[in-house]
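S.K.: Below you will find the structure I want to go over with you.
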Amino acid sequence: MKKNMPAFILGFLILLFWQCIAMGIDAAYILPSPLQIIVKLWEIRRILFLVHLPATMSVTFLGLFISIILGLFLAIIMDMNTNIENALYPLIVASQTIPTTAIAPLFVLWFGYSIWSKVLVTILITFFPIVITVYDGLKSTKREMEELLITYGANKKDIFIKLKLPTALPAFFSAIKMAIPMSIIGAAIAEWLGAQSGLGYFSKRMMTQLDGAGVFAPIVLLSFVAMVSVAIVSIIEKRLITWRKEI
């Protein structure tokens, strides 16, 4: 509690400032107050939690899972072979220059309103930090340590499992903590641009009705889910990487 107290105090002050500004404007369709958003969340809790949240989370976790597999695969093969690194690295960077709002409608045209059009948008946004962060983690292995293991008769497989993998593990968890919010953002953007369910779709529908609290309610719910997910990953990280504080 002591560690988190500054965050609680800052969050409370921000919400208080927000409440005051919203009351001063007095136009909920432009800027609803935090209290109005909480009331709206309670009023529409059933449709949010039973319909739209499961739709968004299925897209998020499926896209995140595929991004982790793809990101780890690309990072490992780039670390193993310099030619592959030189070929793939520029393409991976170039993939992040594609505007999501431009490519998402094409995915809808190709795959319709199925889950895969939204999953592809999530993968496009999410896999990049996983690839780059894990790749940098693998490359951060000290050369002296590798040479020491080689003198003990270790082969490439031994070096990867006993040295590179533990070295890159903190970077992997950092990548996951970055990728979780980005995957949620990707799913929401994809639903905003073309979907029949999901929190992004619901927020867009509320905007057409000039319901400011209804627009913010799904966003607040997504933020809460992202924070809880990152906190769970942080707990797992602390349990698995007991040596990180020593580093």
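FYI, this note's numbering numbers position 149 of the sequence shown as 565, with every residue one higher than the one before it.
Where is the CB? At the ideal position from N, CA and C, for every residue including glycine.
Where do the ends of the alpha helix (DSSP H) carrying D552 lie?
M.R.: Unbroken alpha helix (DSSP H) run through D552: I531 to K555.
S.K.: Taking the alpha carbon of T472 as the reference point, which residue from V537, G614 and I592 has its own alpha carbon closest?
M.R.: Minimum Cα distance to T472 is reached at G614.
S.K.: Go through its chain and collect everything with a Cβ distance to V631's Cβ below 6 Å, but skip five positions before and after it.
M.R.: Result list for V631: S619, M622 and M623, in chain order.
S.K.: As an exercise, report each continuous alpha helix (DSSP H) stretch of at least 4 residues that is fully enclosed by the stretch 489 to 525, in chain order.
M.R.: Correct list: 498 to 511.
S.K.: Within a Cβ cutoff of 7 Å, which residues of the same chain sit near I453, ignoring the five residues on either side of it in sequence?
M.R.: If we look at I453 and ignore the five residues flanking it on each side, its Cβ neighbours are A629, F632, A633 and V636.
S.K.: Just checking, does the stretch 594 to 605 make contact with the stretch 456 to 468 on the three C-beta pairs under 8 Å criterion?
M.R.: No: fewer than three Cβ pairs fall under 8 Å.
S.K.: M643: which of E560, K593, I463 and T549 sits nearest, CA to CA?
M.R.: Here the closest residue by C-alpha is K593.
S.K.: Thinking just about the alpha-carbon of each residue, which of A611, A595, L581 and C436 is nearest to the one in D495?
M.R.: If we check each option's Cα against that of D495, L581 comes out closest.
S.K.: Quick check on F433: buried or exposed, where buried means 16 or more other Cβ atoms within 10 Å of its Cβ?
M.R.: F433 is exposed by the Cβ-count criterion.
S.K.: Is it the case that the Cβ atoms of G479 and S599 are separated by a distance below 9 Å?
M.R.: Result yes, Cβ atoms of G479 and S599 sit closer than 9 Å.
S.K.: Just curious, the alpha helix (DSSP H) that P634 is in, first and last residue?
M.R.: Run containing P634: G628 to L656, per the alpha helix (DSSP H) assignment.
S.K.: What did DSSP end up calling I460 once you bin it into helix, strand or coil?
M.R.: It is coil, neither helix nor strand.
S.K.: Can you tell me whether DSSP reads G614 as helix, strand or coil?
M.R.: Looking at G614 - three-state DSSP - the assignment turns out to be coil, as it is neither helix nor strand.
S.K.: Do you know whose CA, among L626, S590, Y617 and I601, lies nearest I651's CA?
M.R.: Nearest option by C-alpha distance: S590.
S.K.: Among residues of its own chain, excluding the 5 on either side of M439, which ones have a beta-carbon nearer than 8 Å to its beta-carbon?
M.R.: Cβ within range, chain order: S449.
S.K.: For the alpha helix (DSSP H) that contains F715, what are its first and last residues?
M.R.: Residue coverage of the chain in this structure runs from 417 to 663, which leaves residue 715 outside it and unanswerable.
S.K.: Using a 10 Å radius around the Cβ and a threshold of 16 neighbouring Cβ atoms, would you call L431 buried or exposed?
M.R.: Exposed, since its Cβ has fewer than 16 Cβ neighbours within 10 Å.
S.K.: Residue range of the alpha helix (DSSP H) that S449 falls in?
M.R.: S449 -> no alpha helix (DSSP H), and no H or E assigned at all.
S.K.: Please look up how many angstroms separate the CB atoms of V537 and I596, rounded, as I've assumed it's under 8 Å.
M.R.: V537 to I596, Cβ: 16 Å. No contact.
S.K.: In its own chain, which residues sit with a C-beta less than 7 Å from the C-beta of L579, not counting the 5 before and 5 after it?
M.R.: Same-chain partners within the cutoff: T557, M561, E562 and L565.
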